[in-house]
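Inspection log for the structure reproduced underneath, given as C-alpha cells.
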Amino acid sequence: MLSIKNLSVKAGKNLILQNINLDIGKNEVMVLFGPNGSGKSTLLRSIMGFNGYQIVSGGIIFKGRPLKNLSVETRVKQGLGIMYQSPPKIRGVKLSQIADFLCPDKAKICKLAEILALTQHLSRDINVDFSGGEMKRAEIFQLILQNPDMLLLDEPESGVDLENISLMGGVLNGFLQQEGKSALIITHTGYILDYVPAEKGCIMLDGKIWCLGSPKEMFENIRSKGYEKCRECTFRG
Amino acid sequence: MKNAGSAPFVDKRLNVSASDKDKIISAGIDWSQEQRSGSFFQQGADVLFSQSFTKEAEILSTDRALEKFPEVRKYKGRAFSLISKSIPGDTQGGYFIRVRKGRTVELPIQACLFIKSKKTRQRVHNIIIVEEGARVYIITGCASAESADKSFHLGLSEFFVEKGGYLNFTMIHSWKDDTVARPVSAAVLEEGASFVSNYICLKPVREIKMYPVAVIQGRGARASFNSLLMAHPGSVQDVGARVIFRRAGRAEIISRAVSLGGRIIARGHLKAEAEKVRAHLECRGLVLAKKGVIHAVPELETEFQNVDLSHEAAIGKISREEIEYLCSRGLSQQQAQSVIIRGFMDIEILSLPEIIKQQIRDLENTNFQGSL
C-alpha cells in the first residue's frame, strides 16, 4: 500500500529524515515510536505533501504510484488521510460544512457525530473553543467520513482522557477492521495499542528508522529502558 | 412567510434590462417582493416606484412625505444638526419610511437607489422614523448599471428610533469600479431604542467614504454597526462608524475587511459623553494581495471613569496551515481559500433575520467561486 524508499527530507536548511525505508501493506497497521523531535511528524507531513518539506533523495510510492509532485488534495483523492496532532482553529467554518463536503450521506454524518459525542459541535466553528478531547474526536470524525485507505495518525491520544481514548480507539478499530484499510500511527503513550490491530512497530531516532519489530514488545522496552537504550541496541533496521 | 399581495418589483414599463435587473438583485433586492413588506425604487433623480404592502408602514419619496405630512418637516435635518453636520439642501428624492407607534413590520422593507446613465450625480435624502415601541427591518440596495460610467452617489440618511423602538437597517452596495459613493448618515436613539446598521460591500467601487454616526440620546439605547468589506484592486473604502453617548447605553462596531488589492480604512469612534456606557470596537482584516492595504483606526474617548470602552484589531493574511488543513480533507487550494474567506466574512456578526441572511449567503456565493 505505502512504500517509502531511501527517503531523505529537509525542512528549511535542516536535514530531518535520513534514508528512511518503510513498507506498510494492505490491511496493515504500523506504529511509529520515537522521542520528541526525532522526525515522526515530518515523515507523516512529507507523505501528505505539506509545504515546507523538501525531498532531497528517495521517494514515496502509494498504491504502486510515486507521490512526487502531487498536490495535497490529489494525495487525499488517492486515499491518504491524516489526523493532526494539533489541528488549527478555523473561524467561520463549521464542522458540519466539512462533514457535508466529505460525505453525502447525512444519516451517516449524524450517526457518527452521535457516537463520537459531536452532535452539538457540528454547528460550531472547527476547533474553536474545542477541548483537547473534542478536537481529537473531531479529527477522527472527519477522517472516517473522508474514508481514506491509508490513515496517518499523529499522536491520536495525546491530551485525551482515558474515557475519550476508549471511545476514539473503538471507532478507529471498527474502521480499520474494514477490508483494505491501513494505518501509520505515531504514539508516545502507547494507549492506542490496546484498541488497534497493530502488528508492526518501528522506532525513529534522529531522523532514522532504528529498528522494526513487535509494537507491544517495543513499547515495553521503551517504557522500561527509555530511548537512550535503543541507541545502544544492535537490532538496527 | 410570504407577502401574498405583491407583484414583481419594477414592472416592464420601467424599461429595466436583464443586466440591470441582475445588478439590482446583487444589491439585495427581492425582485419577486414575496418576502418584503414594501418597496421603493429610485433611478437617478426619479422616484419610479414606492409602495407599502402593509398598513404598519408608510413608504414614499421624501419630497412627497414633506408635502403630505407637515410634521415630517421638523425631522428633516434634525439628526444632522445634533452632530453639527451641515448638509446640502438640493437633494432629489430619497425615501421616507415611517412605522407608527407600537407597530411591528414582519417582513423587511426594501429600497433601491439605482444609477443607470453615465455621469449621473444622484443626491438623495432619506428619512426613517421608527416610532415608540415599533419594529422594522429595512434593506437598502444601492447599485449602478454597466452603463452608469463615472457616476456619483450622495445618500443622506436620517434615522429616528424613538423610545423602545427597534430598527435593523442593512445597506448593500453593488457599484461599478468607477463609481464614487458618499453615504452620510446620522441616527438619533431615544430611551431604550435599538439600532442595528449593517453594511456590505463585496463589489468593486472607485471610492466609498462613509462615517455614519449614532447619537444615544436616551438612557439604555443600543447601537450596533457591522460591516463586511471587500476591496478589489483600485477600490478605496474609507468606512467607519461613530457612536456618541449622551446618556448611558451600549454599542458595538464590528468590521471584517478583506483586501484583494484595494485600500480599506476601517474607522471607529466610541465617544462616551455620559456615565455607564459599555461599548466595544472590533476590526479584523485579511490582506490577500501584495498591493492591498488595510488601515484600522480605532478611537475611544471619554472624560468619565465608570465607562467600559474597548477595542481590538487584528490584520493578517490567511494562514498557510489553515489552507493545508482543509486541503488535507480533499479541498483544492482555491476551495480552501474561498471557504476561509467566507468564514472570515461571517454574516453571523450582522444580526439579521434568517430570510435576509440566506440572501446574503447567496450573494457571497456569487463572489467566492469554488467554495463548498
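So the protein lines, in turn, are chains A and B. At the far end of the first sequence sits residue 238, using this note's numbering, and the numbering has no gaps. At the far end of the second sequence sits residue 1072, using this note's numbering, and the numbering has no gaps. Ideal placement from N, C-alpha and C gives every residue a C-beta, glycine not left out.
Asked: By how many angstroms is the C-alpha of residue 77 (chain A) removed from the C-alpha of residue 800 (chain B)?; Found: 59 angstroms
Asked: Since residue 802 (chain B) and residue 787 (chain B) should fall inside the 8 angstroms C-beta cutoff, what is the C-beta to C-beta distance between them, to a whole number of angstroms?; Found: Their Cβ separation, rounded to whole angstroms, is 31 angstroms, which puts residue 802 (chain B) and residue 787 (chain B) out of contact at 8 angstroms.
Asked: What distance in whole Å lies between the Cβ atoms of residue 935 (chain B) and residue 968 (chain B), which are believed to be in contact at a cut-off of 8 angstroms?; Found: With a Cβ gap of about 20 angstroms, residue 968 (chain B) and residue 935 (chain B) do not count as contacting.
Asked: Go to residue 219 (chain A), then tell me how far its beta strand (DSSP E) extends in each direction, as first and last residue.; Found: Where residue 219 (chain A) is concerned, there is no enclosing beta strand (DSSP E), although the alpha helix (DSSP H) it sits in stretches over 216–233.
Asked: Please classify residue 826 (chain B) as buried or exposed, where buried requires at least 16 other C-beta atoms within 10 Å of its C-beta.; Found: buried
Asked: Against chain A, with Cβ distances strictly below 8 angstroms, would residue 1062 (chain B) count as a contact?; Found: no
Asked: Taking a contact to mean a Cβ-Cβ separation below 8 angstroms, would you say residue 740 (chain B) touches residue 749 (chain B) in this structure?; Found: yes
Asked: Would residue 822 (chain B) and residue 829 (chain B) be called neighbours here (beta carbons separated by less than 8 angstroms)?; Found: no
Asked: If you draw a straight line from the C-alpha of residue 900 (chain B) to the C-alpha of residue 872 (chain B), how long is it?; Found: 5 angstroms
Asked: Output the distance between the C-alpha atoms of residue 238 (chain A) and residue 1021 (chain B), rounded to the nearest integer angstrom.; Found: With a pLDDT of 48 at residue 238 (chain A), under the threshold of 50, the predicted position of this residue should be treated as unreliable, though the coordinate-derived value follows. Approximately 33 angstroms, taken between the alpha carbons.
Asked: Can you give me the C-alpha to C-alpha distance between residue 1042 (chain B) and residue 227 (chain A), rounded to a whole angstrom?; Found: 48 angstroms
Asked: Kindly list the residues whose CB is nearer than 6 angstroms to the CB of residue 772 (chain B), restricted to its own chain and excluding five residues on each side of it in sequence; keep chain order.; Found: 765 and 766
Asked: Determine the chain A residues that contact residue 987 (chain B) at a beta-carbon separation under 9 angstroms, and present them in chain order.; Found: Going along chain A, no residue has its Cβ under 9 angstroms from residue 987 (chain B), so there is no contact; the nearest lies around 17 angstroms.
Asked: Flag residue 836 (chain B) as yes when its Cβ comes closer than 7 angstroms to any non-hydrogen atom of the ligand GTP, and as no otherwise.; Found: This structure lacks the ligand GTP; in fact it carries no ligand of any kind.
Asked: Given a cut-off of 8 angstroms, decide if residue 193 (chain A) and residue 34 (chain A) are closer than it, judged by their beta-carbon atoms.; Found: no
Asked: What is the residue span of the alpha helix (DSSP H) that residue 1037 (chain B) lies within?; Found: 1033–1044
Asked: Could you compute how far the alpha carbon of residue 724 (chain B) sits from the alpha carbon of residue 833 (chain B)?; Found: 32 angstroms
Asked: At what residues does the alpha helix (DSSP H) containing residue 73 (chain A) begin and finish?; Found: 73–78
Asked: Quick check on DSSP: helix, strand or coil for residue 140 (chain A)?; Found: helix
Asked: Which stretch, first to last residue, makes up the alpha helix (DSSP H) that contains residue 38 (chain A)?; Found: No alpha helix (DSSP H) holds residue 38 (chain A); DSSP gives it neither H nor E.
Asked: If contacts are defined as beta-carbon pairs under 8 angstroms, then residue 1012 (chain B) and residue 1048 (chain B) qualify, I think. What distance do you get, rounded to the angstrom?; Found: Actually they do not touch by this definition, with Cβ atoms about 17 angstroms apart.
Asked: How far does the beta strand (DSSP E) with residue 70 (chain A) in it reach, from first residue to last?; Found: That residue, residue 70 (chain A), is in no beta strand (DSSP E); it is neither H nor E in DSSP.
Asked: Anything in chain B within Cβ reach of residue 52 (chain A), meaning under 7 angstroms, just list it in chain order.; Found: 1020 and 1024
Asked: So, does the CB of residue 49 (chain A) fall closer than 8 angstroms to a CB anywhere in chain B?; Found: yes
Asked: Would residue 7 (chain A) pass as a contact of residue 59 (chain A) if the rule is Cβ separation under 8 angstroms?; Found: yes
Asked: Check whether chain A comes within 8 angstroms of residue 1032 (chain B), counting only Cβ atoms and requiring the distance to be less than that.; Found: yes
Asked: Can you tell me which of B:945, B:911 and B:874 puts its alpha carbon nearest to the alpha carbon of residue 1003 (chain B)?; Found: B:945
Asked: With 16 as the cutoff for other CB atoms within 10 Å, does residue 1001 (chain B) come out buried or exposed?; Found: exposed
Asked: Do three or more CB pairs link the region 940–954 of chain B to the region 899–913 of chain B at distances below 8 angstroms?; Found: yes
Asked: Using a cut-off of 7 angstroms between C-beta atoms, extract the partners of residue 642 (chain B) located in chain A.; Found: In the structure as shown, chain B begins at 701 and stops at 1072. Residue 642 (chain B) is therefore absent and cannot be evaluated.
Asked: Would you list the one or two residues that DSSP bridges to residue 998 (chain B)?; Found: B:968
Asked: Establish whether the CB of residue 1039 (chain B) and some CB of chain A are separated by less than 8 angstroms.; Found: yes
Asked: Where do the ends of the alpha helix (DSSP H) carrying residue 110 (chain A) lie?; Found: 107–116
Asked: Let me know the secondary structure DSSP gives residue 20 (chain A) once reduced to three states.; Found: strand
Asked: In terms of residue numbering, what span does the alpha helix (DSSP H) encompassing residue 175 (chain A) cover?; Found: 163–177
Asked: CA-CA distance, residue 24 (chain A) and residue 233 (chain A)?; Found: 25 angstroms
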